[in-house]
Amino acid sequence: MIDQASIKIISGDGGNGCISGRREKYVPKGGPDGGDGGGGGSIIFKSDANINTLRYFQYLKKFVAESGTPGKPGLKHGSDGKDLEITVPVGTIISTKLANSDKRQVLAEFTSHDQTSVLCKGGKGGRGNTKFVNSINQFPLLAESGEHGINLSVFLELRLLADVGIIGSPNAGKSSLLTFLSNASPKVADYPFTTLEPVLGVVEHLSKSFVMVDIPGLIEGAHKGVGLGHDFLKHIDRTRVLLHMVDVSGPDPLQDIDNIKEEISLFDERINSKPSLVAVNKIDIEGTQDSVQKILSELKHRGVDAVAISAISGKGINDLRDKVTEMLEVESKSKKPKQTLAERLSRPKGGQKTQTQEIKVIKPEPVDRRNKKDGVLVNNGEYIIKSSTAIRIAAMVDPDSWEARTQFYSHLKKMGLVAQLEEKGISPGDTVKLGDLEWEWHS
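In the working numbering, the protein residues as written are 1181 to 1623.
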């Protein structure tokens, strides 16, 4: 199962504003008429319960939304770029690496079907010259270039969501149990490590349903990543109840239980605080009756809930279903009331779509790393203007037009940037930088 991927997402650029108009005397409908540019498309993630892998992202690594088109004469607004919707499985966590750090910041987490999140907002369309008209400047030669989209590298990680996690040593009978309880079809054989990736199954009991996940066999050193330890253990973290399978015919079933609990604690000790139930499996094997009673007695002495079952014959399975259902109900009541995963993923009958829900996003706004603050910095005698708006206007100024340059200077003055330059001590002949633009200052 492909359960992690790194991709690059880029929202669309905004279209440039238009500089246009007629200024001849007596021309009907004269004056500026440049339209605004269209907005760039955003990158939107959406969860789908019908997908259970991130395999798609092993082949496609770059996703780019459509850019907006430029404004046109006649006050015609440019077309907006189309949003790009990316579908991910339920249980996906999206994060990005923090600047100058190895840590990651979680941007979004998808916990149910049909959730959406805008992670990269498209660039704004540039304003046409009609937006710069004022009482002094009746025919602006200024417009804005479109705002650039956002370029972001993100890490996708799939952590399976299930109500019950079936854990245990290799060949404990986890896959056989899941097959018996649900319509899942994991690989089953009489040797260890037949399950190499987690398998989900929906169990129905007493008019209720819940999702179980078969976590591949854990071995010593799993917390260090031995085998596929980390890949398996992280899926346990998302479950509500742990069902610990133990093979009664094994050399030391009680030691197997202790070993698994130890590995889980070394990975994350919080996981062992989850409600748990031990299923003593393979009681149909001849000569195991004494061992079963001994194990059940010892577990009772430890205060551990346990049930004896056979995942092949079905003996004790109803007791198991009853206990698991009861544990889920108790767990729900002890916390905030919530549906089981199976109920959260269920769709209305008749083919209707479920109502789209907004997911919990750590950042209150879509990721936007564009500089928003205006200001002036002095570096090695050069005066650097920091203003995304001024940069976008400068990109549309005709350097060969004295009138356009004069209007641009007036606009910088209106924005308060000229005053900031003077406060920093700028003098005639000093170098001014604004984006890719550089010029000599004249008072």
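Using N, Cα and C, we set each Cβ at its ideal position, and we do this for glycine too.
Using the beta-carbon count (16 or more within 10 Å), is Ile1420 buried or exposed? In the sequence shown, the residue the question calls residue 1420 occupies position 240. A small correction: the amino acid at residue 1420 is Arg; Ile does not occupy that position in the sequence shown. Result: buried.
May I have the straight-line CA-CA distance separating Ser1493 from Val1382, to the nearest angstrom? Position 313 of the sequence shown, counted from the start, is the residue given in the question as residue 1493. Position 202 of the sequence shown, counted from the start, is the residue given in the question as residue 1382. Distance between the alpha carbons of Ser1493 and Val1382: 20 Å.
Alpha carbon of Asn1232 to alpha carbon of Val1270, nearest angstrom: Residue mapping note: residue 1232 aligns to position 52 of the sequence shown, counting from 1. Residue mapping note: residue 1270 aligns to position 90 of the sequence shown, counting from 1. Roughly 7 Å separates the two Cα atoms.
Report back the beta-carbon spacing between Gly1248 and Gly1214 to the nearest angstrom; my notes put them in contact at under 8 Å. Sequence index remark: in the sequence shown, residue 1248 carries index 68 (1-based). Sequence index remark: in the sequence shown, residue 1214 carries index 34 (1-based). Not quite, the Cβ-Cβ distance comes to about 15 Å (not below 8 Å), so this is no contact.
Taking the alpha helix (DSSP H) that Asn1585 belongs to, which residues open and close that run? Taking the first residue of the sequence shown as position 1, residue 1585 is located at position 405. Looking at the sequence provided, one finds Arg at residue 1585 rather than Asn. Here the alpha helix (DSSP H) through Arg1585 covers Trp1582 to Lys1594.
Thinking C-alpha only, which one of Ile1571, Lys1593, Asp1260 and Leu1601 is nearest Asn1559? Stepping through the sequence shown from its first residue, residue 1559 is reached at position 379. Closest option to Asn1559, Cα to Cα, is Leu1601.
I'd like the list of long-range same chain contacts for Ile1226, defined as Cβ closer than 6 Å, with 5 residues on each side in sequence excluded. Mapped onto the sequence shown, residue 1226 falls at position 46. It is Lys, not Ile, that sits at residue 1226 in the sequence shown. Excluding sequence neighbours, Lys1226 sits near Glu1265, Thr1267 and Thr1296.
Counting only runs that start and end within the stretch 1480-1522, where is the alpha helix (DSSP H) found for 4 or more residues in a row? 1497-1514
Quick check: the Cα distance between Leu1423 and Gly1303, rounded to an integer number of angstroms? Sequence index remark: in the sequence shown, residue 1423 carries index 243 (1-based). Sequence index remark: in the sequence shown, residue 1303 carries index 123 (1-based). Roughly 49 Å separates the two Cα atoms.
Per DSSP, the bridge partner or partners of Pro1269: In the sequence shown, the residue the question calls residue 1269 occupies position 89. BP columns for Pro1269 point to Asp1228.
What's the C-alpha gap between Lys1388 and Ser1512? Here residue 1388 refers to the residue found at position 208 of the sequence shown. Here residue 1512 refers to the residue found at position 332 of the sequence shown. So the alpha carbons of these two residues sit roughly 14 Å apart.
What residue range is occupied by the uninterrupted beta strand (DSSP E) comprising Glu1246? Here residue 1246 is taken as the residue at index 66 of the sequence shown, counted from 1. Counting along the chain, Glu1246 falls outside any beta strand (DSSP E), and DSSP gives it neither H nor E.
Which residue wins for smallest C-alpha separation from Gly1218, given the options Gly1308, Arg1284, Ser1453 and Glu1443? Position 38 of the sequence shown, counted from the first residue, corresponds to residue 1218. The shortest Cα separation from Gly1218 among Gly1308, Arg1284, Ser1453 and Glu1443 belongs to Gly1308.
Ile1189: beta carbon under 6 Å from a heavy atom of the ligand SAM? With respect to small molecules bound, the structure shown includes none, and the ligand SAM cannot be examined in it.
Every unbroken beta strand (DSSP E) within the stretch 1281-1351, with a cutoff of 3 residues, ordered by chain: 1284-1289, 1295-1300, 1331-1338 and 1344-1348
Measure how close the beta-carbons of Ala1245 and Asp1263 come, nearest whole angstrom, since I'm counting them as under 8 Å. As a position in the sequence shown, residue 1245 is number 65, starting the count at 1. As a position in the sequence shown, residue 1263 is number 83, starting the count at 1. Between Asp1263 and Ala1245 the Cβ distance is about 6 Å, and since that is below 8 Å, they are a contact.
Cβ neighbours of Gly1220 in the same chain (closer than 6 Å, five flanking residues each side left out): Taking the sequence shown and counting its residues from 1, one reaches residue 1220 at position 40. If we look at Gly1220 and ignore the five residues flanking it on each side, its Cβ neighbours are Ser1191, Gly1192, Asp1193, Gly1194, Ser1247, Gly1248, Gly1261, Gly1302, Gly1303 and Gly1329.
Nearest CA to the CA of Asp1183: which residue from Leu1336, Arg1202 and Ala1323? Taking the sequence shown and counting its residues from 1, one reaches residue 1183 at position 3. Answer by Cα proximity: Leu1336.
Exposed or buried, what is Arg1339 when buried is set at 16 or more other beta-carbons lying within 10 Å of its beta-carbon? What you label residue 1339 is simply residue 159 of the sequence shown in a count that begins at 1. Arg1339 comes out buried.
From Cys1198 to Lys1252, what distance separates their C-alpha atoms? Position 18 of the sequence shown holds residue 1198. Position 72 of the sequence shown holds residue 1252. When rounded, the distance between both Cα atoms is 6 Å.
Going by DSSP, name the residue or residues bridged to Tyr1563. One-based indexing of the sequence shown puts residue 1563 at position 383. DSSP lists Val1558 and Val1612 as partners of Tyr1563.
Which class does Ile1190 belong to by DSSP, given the choice of helix, strand or coil? Taking the first residue of the sequence shown as 1, we reach residue 1190 at position 10. Three-state result, Ile1190: strand.
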